[in-house]
Amino acid sequence: MTFLPSPPLPWTRVCSVSDILPGSGVCALVGGVQVAVFRVAGALYATANRDPFTGANVLSRGLTGSDVQGGALRYTVASPLLKHRFDLATGQSLDDPGVRLPVYATRLEGGDVWIGSPI
Amino acid sequence: MFTPSLSAASLPHVVVVGNGMVGHRLVQRLREGAAAQTMRLTVISEEPCLAYDRVQLSRQFDDPRPDLALASPDDYAVLEVAVVWGRAHTLNPAARTVAVGDLTLHYDALVLTTGSVPFVPPLPGRDAAGCFVYRTLADLDAIRAAAHTAHTGVVIGGGLLGLEAAGALRKLGLQTHVVEAAPHLMPAQLDSEGGAALRRTVEAMGLGVHTGRAPQAITTDGAGRVTGLRFADDHLPADLIVFSAGIRPRDDLARAAGLALGERGGVKIDDLGRTSDPHIYAAGECAAHAGRTYGLVAPGYRMAAVVATNLLRDLGLLNTAPALFQGADLSTKLKLLGVEVGSFGDAHGQTPGCRTVSLSDNVRGTYSKLVLAEDGSRVLGGLLVGDTARYSELLDLTLSATPLTAPPETLLVPALPASGALPQADTLVCSCENVRESAVCAAVQGGARDVAGLKRCTGAGTGCGGCVPTLHGLLQTELRRLGQVVTNHLCGHYAHSRQELFDLIRVRGHRTWDEVLAAHGSGHGCEICKPAVASILASLHGELVVSPAHAAVQDTNDAFLANIQKNGTYSVVPRVPGGEITPAGLMAIGAVAQKYGLYCKLTGGQRIDLLGAHRDDLPLIWEDLIAAGFESGHAYGKSLRTVKSCVGSAWCRYGVQDSTGLAVRLELRYRGLRSPHKLKSGVSGCTRECAEARSKDFGLIATEHGWNVYVGGNGGVTPKHALLLAEGLSEDEVVRLLDRYLMFYVRTADRLQRTSAWLEGLDGGLAYLRRVIVDDHLGLCAELEADMARHIASYQDEWAAALADPGVRARFRTFVNAEERDDGVVWVDERGQIRPAELPDILSGLPQLPLHGGD
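Chains as they are written, first to last, in my numbering: chain A, 1013 to 1131; chain B, 3 to 857.
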C-alpha cells in the first residue's frame, strides 16, 4: 500500500459574515469536516465543531465570551452541553491542559467568510 | 372566717410548720397579701437554718461552695415573721395549738409544709457507720466528712435523687457505684431505651452502674463500719453508702392529730389546699392531692400560692375568688451528672391506643421518644435523654395539643448545624471526578477564588456539571471562613449581583445586551452573565428571546427553543396545561413523533417529551404541532415549566375543588415567564396531595374552605417541602397572591436560585415574604401585580414567532453552507424506539480529521 500525501485544504467560502450574528457561531462543512465559525469582537475564529469532552458536534452553538488570564484578554467559547471552555484562538481547553481543539485559518473577504487549512 | 384571736396581739395568727422551699414560698405569698399590721406570722423550722435551695443541694460540694440560702433571719425580721427553732411534736386541731419543745403556739390558721424524708429500705445493717441519706445540708456535711477517709461510695437508688447523690460522691473524689433494683436507671421517668442511653453516658464518666440488683444486706467490719453491699451471689465493697431510694411524705404530725391522710400517705388536701380540718392547710411534698404526692418543687410552689390565697380569704384579709389546685403537670427537665434529661406529658405512653416514635443515637449518647395520639396528629408526651434542646418546644406542643403539621419524627431529629459551620463529614461533592469537600476547601485555601478556578484545580464540576451550584456554595462558605470578602458578583464581567443588575437594567431602561455590557460590564461576557442578562431583559420587556438583539446571548436551549440532549439533538415539549389533553391532541403529537422519528416519553410534569429532533427539523415539527393547536411548553427556559394537577372535584370522589381548572388557568397565565431558575407548580384537589404540590416552587392544595397556598418547595438534590403562605383563598385571591410572589422572586432572587433557596435566604424568611406580598408592608404589591400584567400582555408563542421570521428560521440549518445533517448523530434501537449511540460507536463512524501536510 502506498501512502499519498493529502492535498492541503484549499480555502473554502462558507457563508456571508451577515449569516453569523455578532458574538455567535455557525457550523460549516469544510471538506467533510464540521467546523465551528465564530464572529467575536469584530474578528473571525474557526475551531472543530466537536466537543472533545462529550463527543457531540455542538461547539458552534456555544456561548462566546472573554477571559482575562495573566493580564491577557482571550476570547472563549463554552460548549453548550457541559460548559467546558476553550480558547478560540488556540483551541486550548481552559479546563484540561491536555485537551486542545483543532483550529482553522479564517479570512474575511468582501463580506464573505473563508475557512482555510488547520493551523 | 375571721375569728378574733385570744392572743395578746389580737391579730390573726398564722403558723407555718416547716421552712423548706415550699414553706418559704408560702411565707412570701402570705406577707405579700397581708402585712404585719394585719396578720401575725410564725414559722417553725426544724433545721437550724432557714430555707435553702434543695434542688441545688449537690452544689454544696462545689468549690467555692455556693450560698444556697433562700432566706436569712434578717429577711424574716424585716418581714416580721417570727421563727421558732425546733421540731413541732404535737398538733391539737380542737384547741388550735401546736407544740414545739415546751412552747405551745395558738393559731388561727396553720399550714403544714413539712416536706418529706428519705426512704431507707429495711436492709440489715442500714444504721451502720458510713450509711447516709441525702436530704439536708446536715446530711451533706456528714457525707463530706466521711468521704475524707473513704475510697468507694455506693448509692442505693438509681432514680433522680440517686443520680444526684452519685454526682455528689463523684465530686468528692470517690469511686462511685449506683445500685438500682429496677432493670434500668430512673425507672419512674424513663423507659428502658432512655435508661440505657443514660447508663451509657453515666458509665462513660467512670461510674459503676448495677441495675436489676437488689442488695440483701449491708456488710460491716468489727467496728460496725460499712464494708459493702451483699447481693445474693456477689459483694460490692464500699466505704460509704448513701440511700436515695425515694421519699416519703412527712405526715406524722398530721397523722397523730387525726387528720385525714392519702391512701399512700401524705396529708390529704382538697383543691383549696385545706386538710380535713378547716383551719389547717398543707402544701408541698407532705400533702396528698387526689391521692397523689408530688416530689417536684413546681407543684409545691403552686400549692403554696393556692393555700396563701385561700387562707387569707378565710381570715377575711383578702377579697378575691378562691384559688384552686387541680393537679400538676409532672413534666420536668433536669441535668443529672451533666446529663440532660427531660420528661413531659404522658412520657410512659399510658394513653390507650397511643403510639411512639423514638430516635436513639448511641454515639451522641442521646435518646428521644415521642408518645403520639393514635392517629399521630398530636404529641401526648415524651422523653429526652442527653439533649433537651427541644424540651420547651415539645412541651408546648404537648400541653397545647397542637395538631402536627410536620411528620412527628422530624421533631426528634437534631437541629442541623448552622450553615456557616464547617461541614463535619468529607462529603463527596463531584461524583463524576470523585472530588470531596476537603479537596475543594483545600483548593480555596490554595488560592482558587472562583468556580472556574476550582474546576481547574480539582476537576470538580467538569463532568456532568450537576455539582456546580454546590461548588459555588462551598466556595462562598470557605472564603467567608477564611475571612475573605465574598462578593455576590454575577461573574468576572459584572461587579453586581443578579438582583442589583436587575434593578440597574430596570431603572436605566436598558433593552439589549450590548447596552447593559457597555454600561455595567467589562470584557465580552461569558456563559454565566449572558443568559442571566438575557433572562432579566426577557422578564422586564417580554421581547422575543430569538430576536437578533437577544439571540447571541441565549444559551442553546433558549436560542433554539428546545432542549439540547447529549448528542446535540433536541427535544420538544408542547405545552399541555394542567396535563389536560384531548384524544385529537394526543394523536397529533403521536403523528408528529412518528413523522420525524422521535422518541416519546411522558415527563414527570404531565407532558409529552419528543426526543431526538435534528435542529433543522425543529421548525417543521413546530409547524405541525402549532397546526394541531399546540404551543411551546417552555421546557427549555428558566421559566414556568408546568403546573401539575390531579383530576380534583370534577372526577375524584375525594376532590373538594377543581384542581385541573385552576392548574390550566395558572399554567396559561404564567407561561413564558422568564425567571432566575425554572419554576414548577402543582395543584391538588384535596389534602391527599396527588399532584405533589408541596414539592413545587408554588403549590396549591384544596380544602373545603378554599385554597391553601404553599411556596418555596422543590425536588432535586436538596428536596424541600413548600411552606404554607396563606389559607382558604378563592381562585382570584390565589392568582393575585401568586402574581406578587412570582414577580417578587423574579426581581430579587440570585442567578439560578430556586425559590426554596431564595426563601431561605430572605432576611426574615416566610414571615418577611408574608409581610411584603400579603400585608404589602413595602407598598410594592401594586407594582408587582402591574409587572405581571405587563408580562401576560406581552406573551406570544415563541415557536410561532420563530417560524414567522425567515432570519430566525435560517438559524436552524445544521450547516451554514450545506444541506447535510450532522453525521455524528447515531441512533441505536432500545425497547422499540431510538436512543443516542454511546461514544465509541460514534467515534468509529467519524471521518479522520485531515491534518495539514499529514499522510
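The beta-carbon is built from N, C-alpha and C at its ideal position, and this holds for glycine as well.
So residue i contacts chain B; which residues on that side make the cut at Cβ distance below 9 Å?
{"i": "TYR1087 of chain A", "result": "HIS526"}
{"i": "PRO1092 of chain A", "result": "GLU529, ASP557, THR558, ASN559, ALA561, ILE566, GLY570"}
Closest to residue i by CA distance: which of the options is it?
{"i": "LYS337 of chain B", "options": "B:THR358, B:TYR393, B:VAL19, B:ARG304", "result": "B:TYR393"}
{"i": "ALA256 of chain B", "options": "B:SER677, B:GLY164, B:ALA284, B:HIS498", "result": "B:ALA284"}
{"i": "GLN39 of chain B", "options": "B:GLY607, B:VAL810, B:ILE271, B:GLU82", "result": "B:GLU82"}
{"i": "THR116 of chain B", "options": "B:GLY22, B:PRO50, B:GLY127, B:ALA198", "result": "B:GLY22"}
{"i": "GLY525 of chain B", "options": "A:VAL1125, A:ALA1060, A:ASP1079, A:PRO1092", "result": "A:ASP1079"}
{"i": "PRO138 of chain B", "options": "B:VAL181, B:ALA199, B:VAL244", "result": "Note that residue 138 of chain B corresponds to Thr in the displayed sequence, not to Pro. Of B:VAL181, B:ALA199, B:VAL244, the residue nearest in Cα terms is B:VAL244."}
{"i": "LEU114 of chain B", "options": "B:ALA71, B:PHE134, B:VAL269", "result": "B:VAL269"}
{"i": "SER1030 of chain A", "options": "A:THR1024, A:VAL1049, A:VAL1042, A:LEU1041", "result": "A:VAL1049"}
Name the DSSP beta bridge partners of residue i, please?
{"i": "CYS654 of chain B", "result": "According to DSSP, which records beta bridges pairwise, CYS654 of chain B is partnered with nothing at all."}
{"i": "THR705 of chain B", "result": "B:GLY708"}
{"i": "VAL1073 of chain A", "result": "The question names Val, but residue 1073 of chain A is Arg in the sequence shown. DSSP, once it has assigned bridges, lists no residue as partnering ARG1073 of chain A."}
{"i": "LEU142 of chain B", "result": "Per DSSP, none; premise fails for LEU142 of chain B."}
{"i": "THR644 of chain B", "result": "B:LYS682"}
{"i": "LEU386 of chain B", "result": "B:GLY344, B:SER370"}
{"i": "GLN1081 of chain A", "result": "A:ALA1084"}
{"i": "LYS568 of chain B", "result": "Answer by DSSP bridge pairing: none, since LYS568 of chain B is not bridged."}
{"i": "HIS291 of chain B", "result": "B:ILE271, B:ARG294"}
{"i": "ARG137 of chain B", "result": "ARG137 of chain B is not bridged to any residue."}
Using the Cα positions of residue i and residue j, report the straight-line distance between them to the nearest angstrom.
{"i": "PHE817 of chain B", "j": "GLY475 of chain B", "result": "40 Å"}
{"i": "GLN177 of chain B", "j": "LEU481 of chain B", "result": "49 Å"}
{"i": "PRO419 of chain B", "j": "ASP398 of chain B", "result": "Here the model assigns PRO419 of chain B a pLDDT of 47, short of 50, so the residue's position is not dependable and the matter cannot be decided."}
{"i": "THR390 of chain B", "j": "ALA704 of chain B", "result": "37 Å"}
{"i": "VAL24 of chain B", "j": "THR106 of chain B", "result": "24 Å"}
{"i": "GLN556 of chain B", "j": "GLY687 of chain B", "result": "38 Å"}
{"i": "SER677 of chain B", "j": "GLN352 of chain B", "result": "53 Å"}
{"i": "GLY715 of chain B", "j": "THR757 of chain B", "result": "7 Å"}
{"i": "ALA349 of chain B", "j": "GLN62 of chain B", "result": "31 Å"}
{"i": "GLY422 of chain B", "j": "LEU477 of chain B", "result": "Caution is warranted here: a pLDDT of 40 is assigned to GLY422 of chain B, below 50, making its placement in the model unreliable, and the coordinate value is therefore given only provisionally. Straight-line Cα distance between these residues: approximately 12 Å."}
{"i": "ALA234 of chain B", "j": "LEU174 of chain B", "result": "30 Å"}
{"i": "SER661 of chain B", "j": "GLY581 of chain B", "result": "11 Å"}
{"i": "CYS1039 of chain A", "j": "GLY763 of chain B", "result": "43 Å"}
{"i": "GLY1128 of chain A", "j": "ARG815 of chain B", "result": "22 Å"}
{"i": "GLN447 of chain B", "j": "THR472 of chain B", "result": "17 Å"}
{"i": "ARG1086 of chain A", "j": "ARG438 of chain B", "result": "31 Å"}
{"i": "ASP55 of chain B", "j": "ALA130 of chain B", "result": "29 Å"}
{"i": "GLY523 of chain B", "j": "HIS552 of chain B", "result": "16 Å"}
{"i": "LEU430 of chain B", "j": "LYS457 of chain B", "result": "15 Å"}
{"i": "GLN1081 of chain A", "j": "GLU529 of chain B", "result": "17 Å"}
Would you mind reading off the limits of the beta strand (DSSP E) that contains residue i?
{"i": "LEU681 of chain B", "result": "681 to 686"}
{"i": "LYS270 of chain B", "result": "269 to 271"}
{"i": "GLN177 of chain B", "result": "177 to 182"}
{"i": "LYS603 of chain B", "result": "601 to 604"}
{"i": "PHE1050 of chain A", "result": "1045 to 1052"}
{"i": "THR229 of chain B", "result": "228 to 232"}
{"i": "GLY1037 of chain A", "result": "1037 to 1042"}
{"i": "THR915 of chain B", "result": "Because chain B spans 3 through 857 in this model, residue 915 of chain B falls outside it and cannot be assessed."}
{"i": "PHE562 of chain B", "result": "Unbroken run through PHE562 of chain B is the alpha helix (DSSP H), 558 to 562; no beta strand (DSSP E)."}
For the alpha helix (DSSP H) holding residue i, just list the boundary residues, first then last.
{"i": "LYS173 of chain B", "result": "162 to 173"}
{"i": "VAL810 of chain B", "result": "808 to 812"}
{"i": "GLY763 of chain B", "result": "757 to 763"}
{"i": "GLU439 of chain B", "result": "439 to 447"}
{"i": "VAL308 of chain B", "result": "299 to 316"}
{"i": "ILE1032 of chain A", "result": "Where ILE1032 of chain A is concerned, there is no enclosing alpha helix (DSSP H), given that its DSSP letter is neither H nor E."}
Interface residues of chain A around residue i at Cβ under 7 Å?
{"i": "PRO550 of chain B", "result": "LEU1033"}
{"i": "ALA554 of chain B", "result": "LEU1033, PRO1034, GLY1035, SER1036"}
Against chain D, does residue i count as a neighbour if the rule is that its beta carbon must be under 9 Å from one of theirs?
{"i": "ASN819 of chain B", "result": "Reference to chain D is not applicable here, since the protein chains of this structure are A and B."}
Give the interface partners of residue i over in chain B, defined as CB-CB distance under 7 Å, in chain order.
{"i": "ASP1107 of chain A", "result": "LYS457, ARG458, THR464"}
For a contact defined as C-beta to C-beta under 8 Å, what are the partners of residue i on chain A?
{"i": "LYS532 of chain B", "result": "LEU1075, GLY1077"}
{"i": "GLU822 of chain B", "result": "LEU1041"}
{"i": "GLY826 of chain B", "result": "GLN1046, ARG1062, GLY1067, ALA1068, ASN1069"}
Please compile the residues from chain B whose C-beta is within a distance smaller than 8 Å of the C-beta of residue i.
{"i": "VAL1070 of chain A", "result": "THR558, ILE566, GLY570"}
{"i": "ALA1053 of chain A", "result": "HIS526"}
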